[in-house]
Structures are given as structure tokens and as C-alpha cells.
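First the structure, in the form of C-alpha cells, and then the observations on it.
Protein chains: 4
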Amino acid sequence: MSHPKSCEIEVRVRYAECDPMGYLHHSKYFEYFEMGRTELLRLAGIRYRDLEARGVLFPVAKLECRFRRPAHYDDVLRVVTRITRQTRARIDHEYKLYRDDTLICEATSTLACVNREGQLIPIPDELMPDNEN
Amino acid sequence: MSHPKSCEIEVRVRYAECDPMGYLHHSKYFEYFEMGRTELLRLAGIRYRDLEARGVLFPVAKLECRFRRPAHYDDVLRVVTRITRQTRARIDHEYKLYRDDTLICEATSTLACVNREGQLIPIPDELMPDNEN
Amino acid sequence: MSHPKSCEIEVRVRYAECDPMGYLHHSKYFEYFEMGRTELLRLAGIRYRDLEARGVLFPVAKLECRFRRPAHYDDVLRVVTRITRQTRARIDHEYKLYRDDTLICEATSTLACVNREGQLIPIPDELMPDNEN
Amino acid sequence: MSHPKSCEIEVRVRYAECDPMGYLHHSKYFEYFEMGRTELLRLAGIRYRDLEARGVLFPVAKLECRFRRPAHYDDVLRVVTRITRQTRARIDHEYKLYRDDTLICEATSTLACVNREGQLIPIPDELMPDNEN
Numbered sequence: 085m086s087h088p089k090s091c092e093i094e095v096r097v098r099y100a101e102c103d104p105m106g107y108l109h110h111s112k113y114f115e116y117f118e119m120g121r122t123e124l125l126r127l128a129g130i131r132y133r134d135l136e137a138r139g140v141l142f143p144v145a146k147l148e149c150r151f152r153r154p155a156h157y158d159d160v161l162r163v164v165t166r167i168t169r170q171t172r173a174r175i176d177h178e179y180k181l182y183r184d185d186t187l188i189c190e191a192t193s194t195l196a197c198v199n200r201e202g203q204l205i206p207i208p209d210e211l212m213p214d215n216e217n
Numbered sequence: 085m086s087h088p089k090s091c092e093i094e095v096r097v098r099y100a101e102c103d104p105m106g107y108l109h110h111s112k113y114f115e116y117f118e119m120g121r122t123e124l125l126r127l128a129g130i131r132y133r134d135l136e137a138r139g140v141l142f143p144v145a146k147l148e149c150r151f152r153r154p155a156h157y158d159d160v161l162r163v164v165t166r167i168t169r170q171t172r173a174r175i176d177h178e179y180k181l182y183r184d185d186t187l188i189c190e191a192t193s194t195l196a197c198v199n200r201e202g203q204l205i206p207i208p209d210e211l212m213p214d215n216e217n
Numbered sequence: 085m086s087h088p089k090s091c092e093i094e095v096r097v098r099y100a101e102c103d104p105m106g107y108l109h110h111s112k113y114f115e116y117f118e119m120g121r122t123e124l125l126r127l128a129g130i131r132y133r134d135l136e137a138r139g140v141l142f143p144v145a146k147l148e149c150r151f152r153r154p155a156h157y158d159d160v161l162r163v164v165t166r167i168t169r170q171t172r173a174r175i176d177h178e179y180k181l182y183r184d185d186t187l188i189c190e191a192t193s194t195l196a197c198v199n200r201e202g203q204l205i206p207i208p209d210e211l212m213p214d215n216e217n
Numbered sequence: 085m086s087h088p089k090s091c092e093i094e095v096r097v098r099y100a101e102c103d104p105m106g107y108l109h110h111s112k113y114f115e116y117f118e119m120g121r122t123e124l125l126r127l128a129g130i131r132y133r134d135l136e137a138r139g140v141l142f143p144v145a146k147l148e149c150r151f152r153r154p155a156h157y158d159d160v161l162r163v164v165t166r167i168t169r170q171t172r173a174r175i176d177h178e179y180k181l182y183r184d185d186t187l188i189c190e191a192t193s194t195l196a197c198v199n200r201e202g203q204l205i206p207i208p209d210e211l212m213p214d215n216e217n
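So, in C-alpha cells, the structure goes:
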């Protein structure tokens, strides 16, 4: 199966995710990015829940995020998730969040790959990009 | 070791827990009650994390909650947690939440006891109240 | 515009919403119910964000919830939200949460209606059920 | 009043904050950093809730975070928050999170200062470091 490099999902901002400023709280963006990663994986025919059941876990090792504009309750946001680099040891993603054509937020993350005991393991074959096979 | 029947903890309301009304979001109260249960157990010399490591889990089966007054960011709340009934199959708790002497919220919960596979199991001996030993 | 009495939405359980048991944490269900209320209102042509901008707020006064079965990460759940009673002073909702045909959870809530200062106000006309007009 | 440049708080990890890996979810760290900022301000005799009531808001403009070691349910973590740079337009913080002497996480943030309408405003005098007065 081919490995798409990017995907786009829509998320409607929940009331409980917004703070007294009326803004989507900055900590909640990282849940949206995680949803983006889950759906990007699903496009490749892989369910993260199955990986986890096999003891293949992807903790976040590094995050960077620039908040350009606030988002508000009931906004419908587009989360564009893209893999920018992948080795046997790590996967780097880039995220862009839009409301219509307005860029709300840009971010990057680095994931490691570990087993149930938290030890680093090589990323399994079926997750490696096509040009590596 | 004796089993205290109630405990009191203080929690300061976080900014991220408050919603656009400026109120502590109603879903967050249940995290405070869970903290109350953890500390009540600790008073009896038991860590919930150790129970869980042994495969003894306490999922919530039932909740009831009456929100009397709003709580706000930076409020210091007192959570009073009390066991009202306990059998081999369930533990019932009651919660009262105060800001100074103002009652903010009253709630009750029922916990079941299950193993890692989600099957009901008897509550272990060391968790049973003294008058049962 | 007619006022639908119930609506159904789908929610996919997020990783960040699940706890160390692997279960959707019990506090998170209340976010799903809130999403149900928002969408039920939208079916009637009303956006809760507009009500709030006018100073019409609906804090939760009472909740009851029975957790029948655990839900897990990546599950797609159906939230069925229904108004069971409405007066000038309160709105009662009922919720049922399903994974396929399995009932996961049943709940009820009572909402009050307040202004920005937290004072009780009558529920506005356009929110009253058709048979009251 | 003098302006302390750093502060240290303790936070016990909540069950609801941990994910199916059993780790403190990466999005939750940002709530802890926000608590650190609130307490650092309090040490200077300022309550963020009062600033907000006056229409002085500090949205997060930028975050960077490196997760060194996982944290778990019931861990007691020390959050060390330090101001590294401050101008009339922004405040930069640095965070270090420890469990005993183990470094769990390092992070930085940049806050902007806006009014209720979201427009940039100069940071008020009483928040400026002593050497600027």
C-alpha cells in the first residue's frame, strides 16, 4: 500500500476546549495534531491502535508551535498534517491549522519509537516510506 | 492500618480548566473528585498506582453531580471526599466542593472493580473497611 | 423554524482522552454531550456562540451518568441527544452513547439560563419548543 | 515590590492527564507551565485574574518543548519557571520539569500582550522588571 505524505482533517472547536479569553486553549492544539497523525496513518492502511496493541508506541520527543491567530468556540478548523522526514528512529511532522484561508497556527513535532518498556526500537517496516523499500 | 472514611484536599483552579463563561468547566470537577479518591486511598497507606500495577482497576460506573455555584480561575477549592458505602463489588463516594464556606458542588459516584480484561473482580481485602476484618 | 427534539452525532475517541486503563476517561463524556447540545441547537437554526455573544448562557446545573461499557481510543461513538423537558427556566436533556449497537453510556442533564452576571433569566422565545408559541 | 525571576511549584500528575501508554500526555505539560507562570506572577504580588479583569491578556505566541523522560500518574513533579527576556511587547519564559533530580522536560514560551479585542498593547508598568523602573 502506498504511503500518503500528508492529509487534511476538519475539527470543530469544542466549548470545553476554550478558555476565559474565549480562545481555543494553546494546549488543545496538540490534540488536533495527534488526530492528524492518526488519520494520516489510517490513509496508509494502518491503525495506531493496532500498533500500540503490538507494543509499538510513538511518544512525542519534541514540539514547536507558533500561534498566529486565535481560534474560537465553534470554529471549523482544517488541520493539514505532513511528514517532513522519517528515519528508522524518528518521524518528523509539520502541521498547519487554517480557518477558511486564514493560517491560525504552524507547528512541528518529532516522534520517537519505543516498546512497552519505554526502550527505543526501530520503526517497523510497514511504516517506512515507499522509497525505502 | 486504619481506613479513614473521608479526606479533604485543596485544588487551585487552572486557567486551562475554565471555559468562555469564565467558569470551571463542569467536566473538570470529575478530575478533582478522582484526586480526592486517590488521596483518601493514600491516607489508608495504599497507592492507586500500585493497585493498577497489580491489575486491580476501579472504573466509574455511575456519577451524579449538582452544580450549586460557579467556580472561577485561580479559586482555591476544598474537595471533601467520603466513602458512604462499600461492599465486595463496589465503592460509593460522596463529594462536596467548597470555596471558603460556600458550597460549590455536591456529587456522588459508584466505582466497580475490574481486572485488566475488564472483568468484575472482588475488591481486595486490604481495601475493605476495618469493621469487615 | 421547527425545533427538532433530538439529534445524533458521531465522535471518534481521541488518544489524549483515554486514560491508563485504555478507557475513554469518564470526565470526557461530558464534552461529547455538550457537542450533542450544540448540534441539536444548530438543527434549530441557532448557534450557541451567538446566544453567548448576546449574554444568554446555559450553565449545567445537574448531571447524572451511568457508564455501561468502556469506550476506547479510535472508537467511533454515536451520541444521541434528546430534549426531555423544557420550561422558561430550564432545559433537560437525555444522552445515549453507542458503539455500533452497544450502549456505552446513558446520561441526563439540566441546564439553567443565566446572564453574564450569572443571574437567572428566562429562556429566550426562539429557544422555546414550537407547541409553546 | 521586587520581581522574582523564577519560581518552583510542585504538581502531582492526575490520572485523567495520563494516556494509554501510562504517560502524562504531552499536551498536559503546557497546563503545568501556565500554572508556573501564574505562581511566578503571584510572587510579584500580581494576580493574573486581576490583569484579565482589567483587559490585559497574555496569549501564548510560541512554544518549544523537549520531552526527555516520561512522567507517570501520581508522580510529583517540580516545575521551575524562569523569565529569560522581557520587553514592552513580549515575555519569554523557560521551564524545566523534574521528578526528584531527573529532568523530565525542557521548554520555552513567548507571550504577547493584548486587550479584550485581541489587539497588541504594551505590557503594563507594574509587570516590567525592576531594572526598567
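Note that the protein sequences, when read in sequence, are chains U, C, H and B.
For the first sequence, our numbering begins at 85 and goes up steadily by one.
For the second sequence, our numbering begins at 85 and goes up steadily by one.
For the third sequence, our numbering begins at 85 and goes up steadily by one.
For the fourth sequence, our numbering begins at 85 and goes up steadily by one.
Cβ atoms here follow ideal geometry from the backbone N, Cα and C, with glycine treated the same way.
Residue j beta carbon less than 8 Å from that of residue i
i          : j          : result
Thr-165(C) : Leu-124(C) : yes
Tyr-99(C)  : Glu-92(B)  : no
Arg-169(U) : Asp-176(U) : yes
Cys-197(C) : Val-140(C) : yes
Leu-147(U) : Ala-155(U) : no
Leu-135(B) : Pro-88(B)  : no
Ile-130(B) : Glu-201(B) : no
Other residues of its chain near residue i: CB distance less than 7 Å, five sequence neighbours each side excluded
i          : result
Glu-101(C) : Leu-108, His-109, Lys-112
Pro-213(B) : His-87, Gln-170
Thr-186(C) : Arg-153
Per DSSP, the bridge partner or partners of residue i
i          : result
Phe-151(B) : Cys-189(B)
Glu-92(B)  : Val-164(B)
Ala-196(C) : Arg-174(C)
Lys-146(U) : Thr-194(U), Arg-150(B)
Leu-181(H) : Val-163(H), Cys-189(H)
His-156(C) : Tyr-107(C)
Asn-169(B) : According to the sequence as given, residue 169(B) is Arg; it is not Asn. Arg-169(B) is bridged to Asp-176(B).
Ile-141(H) : What sits at residue 141(H) in the sequence shown is Leu, not Ile. Val-198(H).
Leu-204(U) : Val-198(U)
Whole-angstrom C-beta distance between residue j and residue i, which should lie under 8 Å
i          : j          : result
Tyr-116(C) : Leu-181(C) : 7 Å
Tyr-157(H) : Gly-106(H) : 7 Å
Ile-188(C) : Arg-153(C) : 5 Å
With 16 other Cβ atoms within 10 Å as the buried cut-off, status of residue i
i          : result
Arg-121(H) : buried
Pro-208(C) : exposed
Asp-103(B) : buried
Asn-217(H) : Here the model assigns Asn-217(H) a pLDDT of 42, short of 50, so the residue's position is not dependable, and the following value carries that caveat. Counting Cβ neighbours within 10 Å, Asn-217(H) comes out exposed, since fewer than 16 surround it.
Ala-191(B) : buried
Spatial neighbours of residue i in its chain, beta-carbon cut-off 8 Å, leaving aside the 5 residues before and after
i          : result
Asn-199(B) : Gly-139, Val-140, Leu-141, Ile-205
Glu-94(U)  : Val-160, Leu-161, Arg-162, Val-163
Ser-90(C)  : Leu-124, Val-164, Thr-165, Arg-166, Ile-167
Ala-173(U) : Ala-196, Cys-197, Leu-204, Pro-206, Ile-207
6 Å CB neighbourhood of residue i in its chain, flanking five on each side removed
i          : result
Arg-96(C)  : Val-160
Tyr-132(C) : Thr-122, Leu-125
Arg-183(B) : Asp-159, Leu-161
Ala-137(C) : none
Below-8 Å beta-carbon distance, residue i vs any chain D residue
i         : result
Ser-90(C) : Structure shown: chain D not included; protein chains present are U, C, H and B.
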